[in-house]
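Take a look at the structure set out below.
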Amino acid sequence: MLIGMALLRIGMFSGWQTRKLALVAVSGIGLGILPTVFALHWLMAHNWPPRAMFAAIEHGMAVPHLLMAIGYAAGLVLVFPHVQATAMGLRLTAAGRCAFTNYIGTTVLMGAIFSGWGLGLGTGGLGPELPRAWLPAFVLLGWAVMLVWPRWWLARYRQGPLEALWRRLALPRANLATH
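Add 32 to the 1-based position in the sequence shown for the numbering used here, that's all there is to it.
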C-alpha cells in the first residue's frame with residue numbers, strides 16, 4: 033500500500049506520459065517474470081516441496097513479484113482509459129471501490145475452503161486435499177465473484193460494506209455525510 037501511495041505521489045496514475053508508463057510496464061514485468069519462471073520450473077521439477085514453496089513465496093520472490101506488480105499497475109494505467117466505459121471497465125471500477133471488502137471477503141472465503149478451520153480442502157482436513165491443478169479454478173471463481181457482486185452492491189449503496197464500516201469507525205459523525 034505504501035508503494036502504491038508513493039507511485040500516486042510521483043504521478044504514475046495521472047501525470048506520466050504513455051512512453052514512460054510503457055517502459056515501466058515492460059521492464060517491471062520482464063524483470064520480474066524471469067526469476068518467477070525459473071522458480072516455478074524448479075518447484076515443478078521437485079514436486080512442489082512445501083518448505084521450498086514457503087521460502088519462495090515469503091522471501092525469495094518478494095522483489096520479482098514487486099517488480100511485476102508495478103509493471104502490471106503501469107500496464108493497467110495505460111489500458112484503463114480505453115476500457116473504462118466498457119462493461120469490464122465498469123466492473124473493475126466497482127471492484128476497486130469495494131477493494132477492502134473484496135480483500136477481506138476472499139481471504140475469509142478461501143480460508144474457509146482451504147484451511148483446517150474450514151473445509152480443509154488444501155490440507156486434507158475434513159475432506160480430501162484438492163489436486164493443485166484445480167486451484168486455478170478457485171482463483172477464477174474468486175475473480176468472477178469480485179467482478180460481479182460490487183456492481184450489484186454499489187447500485188444499492190454508496191460504498192462496500194467494510195468500506196462503510198471503516199469510514200464510520202475512522203471519521204467523526206459530522207464528516208460522514210461528506211465522504
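The beta carbon of each residue, even a glycine, is placed where N, CA and C say it ideally should be.
Residue environment: Leu53 is assigned as buried (16 or more neighbouring CB atoms within 10 Å of its CB, all protein chains considered). Runs of the alpha helix (DSSP H) spanning 4 or more residues and lying entirely within the stretch 148-187 occur at 167-186, in chain order. Gly154 and Thr50 have their C-alpha atoms roughly 42 Å apart.
Where Asn134 is concerned, the enclosing alpha helix (DSSP H) starts and stops at Ala131 to Phe146.
For the set Leu141, Trp184, Arg205 and Gly192, the Cα lying nearest the Cα of Gly174 is the one of Leu141. Nearest to Gly47 by alpha-carbon distance, out of Met178, Val109, Thr118 and Tyr104, is Val109. As the crow flies, the alpha-carbon of Ala38 is around 44 Å from that of Pro160. Non-local beta-carbon contacts of Leu167 in its own chain, meaning distances under 8 Å to residues more than five positions away in sequence, are absent.
In the structure shown, Pro82 falls within a helical segment according to DSSP collapsed to helix, strand and coil.
Ranked by how close their Cα comes to the Cα of Ala105, the residues Arg183, Tyr189, Ser59 and Ala169 have Ser59 in first place. DSSP places Ser59 in the helix class (H, G or I) of the three-state scheme. The Cβ atoms of Ala131 and Leu186 lie no closer than 7 Å to each other.
If you ignore the 5 residues before and after Pro193, its C-beta comes within less than 6 Å of the C-beta of Thr133, all in its own chain and listed in chain order. Here Arg205 carries a helix assignment [DSSP, helix/strand/coil].
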